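Notes follow the structure.
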Amino acid sequence: MHRTAPLPDFYEYQGRLMAQELGCSSLRARAMIKLIAYDGLKPYFEKIKPFKHVQEVFKTLHEKDCKIALLSDFPPDQKGEIWGLVPYCDLILGSEEIGALKPSKYPFGIMAMAMELEPSQILYVGNSIHFDVRGANNAGMKSAIITSPLKRIFSKKIKEADISFSNYRQFLKSVLE
0 MHRTAPLPDF YEYQGRLMAQ ELGCSSLRAR AMIKLIAYDG LKPYFEKIKP FKHVQEVFKT
60 LHEKDCKIAL LSDFPPDQKG EIWGLVPYCD LILGSEEIGA LKPSKYPFGI MAMAMELEPS
120 QILYVGNSIH FDVRGANNAG MKSAIITSPL KRIFSKKIKE ADISFSNYRQ FLKSVLE
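All residue numbers for the sequence shown refer to numbering that gives the first Met the number 0, where the first residue is 0 and numbers rise by one.
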């Protein structure tokens, strides 16, 4: 599913693929996906803590009139209030509503179109080389990745990303320079 073009009904396609794997009806597979992946993961998302200083960085960038978008491979409302970041966002998209998952270039391209920006004008920040960095790069965007502090101590830069950082204050400093 990570290689598809935008699908008109992501949930239907997802259910069809799962039904083939499990040997059950598409309707049954969709119900299982909803129960396990969508409803079942909600409590876990509520327990995930945001990266330190991320809200401060979103607020600062918002005050500097930077456009900010969130792109998630899960429905954003599944993540609740998204760690207090919603007030600073111009756009919040989930791959399910777009119809394609990261690292496909399509979610990134649709996000750029919705923001009325060229992909080359966007710096996409994520925490996954495979899904975030490669997806953004394939869509023609610049990319940044948050890494573990240990990698930063040993000056291990992620070669595929334009920016590697281990805390959001460090990221903000490099973006504002």
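Every residue, glycine too, gets a C-beta built ideally from N, C-alpha and C. All of these numbers come straight from a predicted model, not from anything done at the bench.
query                                                                                                                             : result
Among 144, 50, 140, 162, nearest to residue 84 - alpha-carbon criterion                                                           : 50
Identified DSSP bridge partners for residue 124                                                                                   : 143
Beta-carbon contacts of residue 140 that lie in its chain and below 8 Å, excluding the five residues immediately before and after : 107, 111, 118, 119, 121, 122, 123
Below-8 Å beta-carbon distance, residue 83 vs any chain D residue                                                                 : Within the model displayed, chain D is absent; a lone protein chain is all it includes.
Cβ neighbours of residue 114 in the same chain (closer than 8 Å, five flanking residues each side left out)                       : 66, 68, 89, 90, 121
For residue 73, the nearest candidate out of 172, 35, 116, 19 (CA to CA)                                                          : 35
Contact under 8 Å by Cβ, residue 173 with residue 146                                                                             : no
Nearest neighbour of residue 44, chosen from 76, 144, 130 [CA to CA]                                                              : 76
Burial state of residue 99, where buried means 16 or more other Cβ atoms lie within 10 Å                                          : buried
Alpha carbon of residue 87 to alpha carbon of residue 61, nearest angstrom                                                        : 6 Å
Beta-carbon proximity check, residue 92 vs residue 70, cutoff 8 Å                                                                 : yes
Extent of the continuous beta strand (DSSP E) to which residue 68 belongs                                                         : 68-71
Buried versus exposed call for residue 47 [16 or more other C-beta atoms within 10 Å across all chains shown]                     : exposed
Those residues which DSSP pairs with residue 178 across a bridge                                                                  : No answer is possible for residue 178: the residues shown for the chain start at 0 and end at 176.
Per DSSP, cross-strand counterpart(s) of residue 107                                                                              : Paired residue(s): none; residue 107 is not in a bridge.
Outcome for residue 26 when other beta-carbon atoms lying within 10 angstroms are tallied against a minimum of 16                 : exposed
Residue span of the beta strand (DSSP E) that contains residue 50, given as start and end                                         : Element bounds for residue 50: n/a, residue is neither H nor E.
For residue 128 and residue 144, believed in contact at Cβ under 8 Å, the rounded distance                                        : 6 Å
Residue from 20, 9, 2 with nearest C-alpha to residue 96                                                                          : 9
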